[in-house]
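2 protein chains.
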Amino acid sequence: MTTARRAILKALENSEDHPDALMLHDRAKEFDPTIAQATVYRTMRLLEQEGLVEKHDFGNGRARYEEAEKEQHDHLINLSTGEIIEFHDTDLEALKIEIAKRLGFDLKDHRLELYGVPKE
Amino acid sequence: MTTARRAILKALENSEDHPDALMLHDRAKEFDPTIAQATVYRTMRLLEQEGLVEKHDFGNGRARYEEAEKEQHDHLINLSTGEIIEFHDTDLEALKIEIAKRLGFDLKDHRLELYGVPKE
DNA sequence: ATAAATATGCGAATGAGTTGCATATGCAGT
DNA sequence: ACTGCATATGCAACTCATTCGCATATTTAT
Numbered sequence: 155m156t157t158a159r160r161a162i163l164k165a166l167e168n169s170e171d172h173p174d175a176l177m178l179h180d181r182a183k184e185f186d187p188t189i190a191q192a193t194v195y196r197t198m199r200l201l202e203q204e205g206l207v208e209k210h211d212f213g214n215g216r217a218r219y220e221e222a223e224k225e226q227h228d229h230l231i232n233l234s235t236g237e238i239i240e241f242h243d244t245d246l247e248a249l250k251i252e253i254a255k256r257l258g259f260d261l262k263d264h265r266l267e268l269y270g271v272p273k274e
Numbered sequence: 155m156t157t158a159r160r161a162i163l164k165a166l167e168n169s170e171d172h173p174d175a176l177m178l179h180d181r182a183k184e185f186d187p188t189i190a191q192a193t194v195y196r197t198m199r200l201l202e203q204e205g206l207v208e209k210h211d212f213g214n215g216r217a218r219y220e221e222a223e224k225e226q227h228d229h230l231i232n233l234s235t236g237e238i239i240e241f242h243d244t245d246l247e248a249l250k251i252e253i254a255k256r257l258g259f260d261l262k263d264h265r266l267e268l269y270g271v272p273k274e
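In order, the protein sequences belong to chains A and B.
Residues 155 to 274 (my numbering) make up the first sequence, in order.
Residues 155 to 274 (my numbering) make up the second sequence, in order.
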C-alpha cells in the first residue's frame, strides 16, 4: 500500500462520474502531486484484476472506471450531454441469463449500454 | 467505386465471422493484391458512416465489422472459442426501449454483448 | 535496521487507427 | 476514346491510449 495507490483510491472514492485514467491522474495529484500516469494505468489494471474496479468502454477512446461494489447495474449514456446514468432491472437480468441458456451457454459476463437522448 | 473498394466489399460479403480490419485487409488482397491497410480503414469508416456496415468492439483491441442488413440482433461471445453467435429476442428489444423510456430517454442505440461458456 | 520484494517515475515502445501528400484512378462531359 | 477534375490510393509519418524496461525509491518481512 503506497502513497500513489492511496492517492488513486481516494481519487476514485471521490469520483461519482466514471472517470477515465486521465481524470484519475489529475484527481490523484491532489493527494500525491508527483504521481505518474503509468502508475495510474498500472494501478487500475491491478484493481480491475482484483475485481475492485470495473472498466468500461463507452466508446470515446479512453477506458472509464468505477468501483465494483454495489449491485450489478447497466448504463445509459445521454448522447446530448455524455452523462452516464446507472440503472438496474431485474427482468433484464433474468432475460439475459435465460437467453444465454437458450443458446446453450452459461452466462459469465455481459455488457449492456443504452444510448439515448432526453425525451421530447 | 474503385478496385480497392470492390475488393473490400467482396471480402466483406465472403465473411461470416465479424472480421476485423486486418482480416479484411488480408481477404481483400485476394481481389486487389496491392491494397493498403489505410484504404481498408478509410473504407470501413466510410461504410460505417453510410450505415452499410456495423462496427463492434468485442473487447480484443481491434474493431470488428459486419454488414448492416438483417434484422437487429445482439451477440453472444463464446469465451471458450471466441466464436460469435448472433441472436435476436423481441422481449429484450422491447425491454431496452421500455427501460430507456422509464429513465426519460428515447433510445437511439444500444450495445449488448453476452459472454458465456458452453453449458456443462 | 536490513534485505528482499515490489512499486514508481521516466521515457521509450506498442499497436490500432488516422492523416499528409504526391500520385493514380474513376467519372463526367465532349 | 480523350481531357479535366474530383476523389481515392499507397506509403510513411503521426496520434493517442496504454504498456513496458529499467534504474531508483518505497514497502514489507525479518
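All C-beta atoms, glycine included, are put in the ideal place defined by N, C-alpha and C.
Chain B residues whose Cβ lies nearer than 7 Å to that of residue 257 (chain A): In the first sequence, counting from the first residue as 1, residue 257 (chain A) sits at position 103. Near residue 257 (chain A) (Cβ distances below 7 Å), the residues of chain B are 230, 239 and 241.
One or two residues paired with residue 232 (chain B) in a DSSP bridge: Position 78 of the second sequence, counting from 1, holds the residue named residue 232 (chain B). Answer is B:270, bridged to residue 232 (chain B).
Please state if the CB of residue 161 (chain A) and the CB of residue 217 (chain A) are separated by a distance shorter than 9 Å. Residue mapping note: residue 217 (chain A) aligns to position 63 of the first sequence, counting from 1. Residue mapping note: residue 161 (chain A) aligns to position 7 of the first sequence, counting from 1. Against a cut-off of 9 Å, the Cβ pair of residue 161 (chain A) and residue 217 (chain A) comes out as no contact.
In the DSSP assignment, the beta strand (DSSP E) including residue 210 (chain B) goes from what residue to what residue? For this step, residue 210 (chain B) is matched to residue 56 along the second sequence. Counting along the chain, the beta strand (DSSP E) containing residue 210 (chain B) begins and ends at 207–210.
Looking at the C-beta of residue 213 (chain B), does it have a partner C-beta in chain A at a distance below 9 Å? The residue given as residue 213 (chain B) occupies position 59 in the second sequence. Closer than 9 Å: yes.
Reduced DSSP secondary structure (H/G/I, E/B, other) of residue 262 (chain A): In the first sequence, residue 262 (chain A) corresponds to position 108, counting from 1. In the structure shown, residue 262 (chain A) sits in a strand (DSSP, three-state: E or B).
Rounded straight-line distance, which links the Cα of residue 170 (chain B) to that of residue 190 (chain A): As a working note, residue 190 (chain A) is residue 36 in the first sequence. As a working note, residue 170 (chain B) is residue 16 in the second sequence. Looking at the two C-alpha atoms, the distance is approximately 44 Å.
Are there 16 or more other CB atoms within 10 angstroms of the CB of residue 236 (chain A), so buried, or fewer, so exposed? The count along the first sequence starts at 1 and reaches residue 236 (chain A) at position 82. The residue is exposed, with fewer than 16 neighbouring Cβ atoms inside 10 Å.
From what residue to what residue does the alpha helix (DSSP H) around residue 220 (chain A) run? By 1-based counting over the first sequence, the position of residue 220 (chain A) is 66. Not the alpha helix (DSSP H): residue 220 (chain A) falls in the beta strand (DSSP E), residues 218–221.
I'd like to know whether the C-beta of residue 184 (chain B) is nearer than 9 Å to at least one C-beta of chain A. On the second sequence, residue 184 (chain B) is found 30 positions in, with the first residue counted as 1. Closer than 9 Å to the CB of residue 184 (chain B) there is not a single CB belonging to chain A.
Between the CA atoms of residue 253 (chain A) and residue 247 (chain A) - distance to the nearest angstrom: Taking the first residue of the first sequence as 1, we reach residue 247 (chain A) at position 93. Taking the first residue of the first sequence as 1, we reach residue 253 (chain A) at position 99. Taking the straight line from one Cα to the other gives about 10 Å.
In whole angstroms, what separates the C-alpha of residue 256 (chain A) from that of residue 183 (chain A)? Taking the first residue of the first sequence as 1, we reach residue 256 (chain A) at position 102. Taking the first residue of the first sequence as 1, we reach residue 183 (chain A) at position 29. Looking at the two C-alpha atoms, the distance is approximately 49 Å.
Pick from A:221, A:263, A:155 and A:201 that is closest to residue 172 (chain A), judged by C-alpha positions: For the purposes of this step, residue 172 (chain A) is taken as residue 18 along the first sequence, with counting starting at 1. Closest by alpha carbon: A:221.
Quick check on the burial criterion: 16 or more other C-beta atoms within 10 angstroms. Buried or exposed for residue 165 (chain B)? By one-based count along the second sequence, residue 165 (chain B) stands at place 11. By the 10 Å Cβ count, residue 165 (chain B) comes out buried.
Interface residues of chain A around residue 267 (chain B) at Cβ under 7 Å? Indexing the second sequence from 1 puts residue 267 (chain B) at position 113. Those within 7 Å of residue 267 (chain B) in chain A are 264 and 265.
Thinking residue 268 (chain B) and residue 233 (chain B) are a contact (beta carbons under 8 Å), I'd like their distance in whole angstroms, please. As a first step, residue 268 (chain B) is located in the second sequence; it is residue number 114 there, counting from the start. As a first step, residue 233 (chain B) is located in the second sequence; it is residue number 79 there, counting from the start. Not really, about 10 Å apart at Cβ, beyond 8 Å.
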